[in-house]
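Presented below is the structure to which this report refers.
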Amino acid sequence: MLEQWDLQILLVPGILLVLLFSYVPMYGVIMGFQNFKLGDFPGFSEWAGFKHFQTMFADKYFGLAMRNTLVISALKMFIGFPIPILFAVMLNEMRIQPIKKSVQTISYLPHFISWVVTATLMFDLLSTDGGAVNEFLMWIGIIKQPIGFFSDGKYFWGLTLLTDIWKELGWNAIIFVAAITSISQDMYEAADIDGATRVQKMWHITIKSIKPTIILMFIFQVGGILNANFDQIMMLTKQMSNAMLKEYADVIDTFIYRLGVSQGRFSFAAAAGLFKSVINFALLLSANWIAGKFGESQLF
Numbered sequence: 001m002l003e004q005w006d007l008q009i010l011l012v013p014g015i016l017l018v019l020l021f022s023y024v025p026m027y028g029v030i031m032g033f034q035n036f037k038l039g040d041f042p043g044f045s046e047w048a049g050f051k052h053f054q055t056m057f058a059d060k061y062f063g064l065a066m067r068n069t070l071v072i073s074a075l076k077m078f079i080g081f082p083i084p085i086l087f088a089v090m091l092n093e094m095r096i097q098p099i100k101k102s103v104q105t106i107s108y109l110p111h112f113i114s115w116v117v118t119a120t121l122m123f124d125l126l127s128t129d130g131g132a133v134n135e136f137l138m139w140i141g142i143i144k145q146p147i148g149f150f151s152d153g154k155y156f157w158g159l160t161l162l163t164d165i166w167k168e169l170g171w172n173a174i175i176f177v178a179a180i181t182s183i184s185q186d187m188y189e190a191a192d193i194d195g196a197t198r199v200q201k202m203w204h205i206t207i208k209s210i211k212p213t214i215i216l217m218f219i220f221q222v223g224g225i226l227n228a229n230f231d232q233i234m235m236l237t238k239q240m241s242n243a244m245l246k247e248y249a250d251v252i253d254t255f256i257y258r259l260g261v262s263q264g265r266f267s268f269a270a271a272a273g274l275f276k277s278v279i280n281f282a283l284l285l286s287a288n289w290i291a292g293k294f295g296e297s298q299l300f
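Right under this line is the structure:
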C-alpha cells in the first residue's frame, strides 16, 4: 500500500461515499425503537421499544401488502429474470452484426425512460377510449368490449410484470451479453467438429458457461424480494389514488409511504423499513448459503 500510495488515494472518494450514504444512515435505524418527532435529535427521542413493530404487524393492510409484494416479486423472479438470459443467448446467435447491434441498442433504450413517462404511455395504449391495445383486440375479434386494464385489479400483477420486462429487458441482459463474450470460441469450434447442433451448443456451452453469473444475479434477486419497485407501482396507480387497484397494488414500500412518511410517522416508517431490510438480508444469506452447498458460485 505504501508503494502504491498514489493509487490507494483514488479509493478514498469511493470509501467516503460508501461511509456517508451506506453506513452513517444506519444510525437512523434507532428511530424505529423510539417516538421520533421532527426537531428531535436522532437517538435522543422517547424510547418506545417494539411498539411500532407491533403496530405494523397488527395493521389490517400489512398482510395484504406482504401478499402483493411476494406475488409481484415472485413473478419478476421466475418469469422476468430468465427472459434477459434468453434474450442475451438469442443475441449471441445472431450473425448479422449491424442488426445485432441495432436490436441490442433498441432493447435497452426503454431503461432510460422514467416510470412517469412509461405509465403515461401505458394509460394511452390500454385506454378503454380509443386505446391501441383494445382497438386491436376488438379488430381481430378476441374481445367485443374494451377491457378496463386499470379499472380491474386482477390485471395489475400482469401489467406490472409486462411493463417491467419491456423497460428493463435490454438493460438486464447487458451483464449476460458481457459474460457470453468471454466464452472461448474454441469450445464452439470443438462442438462443431463433434457434430453438435445449434441448440446443443446454446445449452451445453453458452448457458453452462455463464451459469456462475446467472447464479450470482439470482442471489441478488432473492435478496431484494421485498422490493417491488416503488416508482413503478406509484406511477401505474397514479400515486395510489386509484382505489380500484389498491387490493392488488399495495406493497410494503407503498404501505410504508402511506402510513409512515405521508402521515409524519417517521418512527413507524423506520421500523417497517428495518423489518424489510432484515428479511431481505436473511434471504440473501440463505440464497448464498444454498448456492455454496450445491457447489455453485457464491457472493462470499
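In terms of the working numbering, the sequence shown has 36 at position 36, counting the first letter as 1, and numbering is strictly consecutive.
Cβ atoms here follow ideal geometry from the backbone N, Cα and C, with glycine treated the same way.
Computed from a predicted structure; not experimentally measured.
- Looking only at K76, A272, Q34, the smallest Cα-Cα distance to A48 is reached by Q34.
- The segment 130-142 makes no contact with the segment 65-75: fewer than 3 CB pairs, one atom from each, lie closer than 8 Å.
- Residue state for N242 is assigned as coil, using DSSP reduced to three classes.
- The shortest C-alpha to C-alpha distance from M26 to any of A291, Q298, A271 is the one to A271.
- Looking at the DSSP output, E46 sits in a beta bridge with N35.
- Taken in chain order, the complete alpha helix (DSSP H) segments of 4 residues or longer contained in the segment 162-200 are 185-193.
- In the pairwise beta carbon analysis, the segment 156-174 is classified as touching the segment 234-247: at least three pairs are separated by under 8 Å.
- Contact check between the segment 185-198 and the segment 245-257: fewer than three CB pairs, one atom from each, fall below 8 Å, which does not count as touching.
- I225 places its beta carbon less than 9 Å from that of N280.
- Per DSSP, K293 is one residue of the alpha helix (DSSP H) stretching across 266-293.
- The three-state secondary structure of N227, taken from DSSP, is coil.
- Inter-segment contact for the segment 145-159 and the segment 119-127 is present: three or more beta-carbon pairs are separated by less than 8 Å.
- For T120, the enclosing alpha helix (DSSP H) stretches over residues 115-125.
- Scanning the segment 5-31 from its first residue to its last, the whole alpha helix (DSSP H) runs of 4-plus residues come out as 5-9, 12-18.
- The beta carbon of F81 sits closer than 6 Å to those of Q221, all from its chain and outside the five residues before and after it, given in chain order.
- Beyond the five residues adjoining it in sequence on each side, I99 comes within less than 6 Å, by CB distance, of no other residue in the same chain.
- The alpha carbon of S127 has as its nearest neighbour, out of G148, T118, T69, the alpha carbon of G148.
- The segment 259-276 makes contact with the segment 44-60; the number of CB pairs closer than 8 Å reaches 3 or more.
- Each residue's CA atom was taken as its position, placing G43 and H111 some 39 Å apart.
- Around the beta carbon of P84, a 10 Å sphere encloses 16 or more other beta carbons of the protein chains shown; the residue is thus reported as buried.
- Membership of K101 in the alpha helix (DSSP H) is indicated by the continuous run 97-108.
- Contact annotation, D59 with L259: C-beta distance approximately 7 Å; criterion of less than 8 Å satisfied.
- M31 sits buried, since 16 or more C-beta atoms from the chains shown fall within 10 Å of its C-beta.
- Counted as a single uninterrupted DSSP element, the alpha helix (DSSP H) harbouring I83 occupies residues 82-93.
- Counting along the chain, S73 sits inside the alpha helix (DSSP H) bounded by residues 62-75.
- Here G153 carries a helix assignment [DSSP, helix/strand/coil].
- Between Q185 and the set F275, L285, E93, S262, the nearest pair of CA atoms involves E93.
- In the DSSP assignment, T254 falls within the unbroken alpha helix (DSSP H) covering 252-256.
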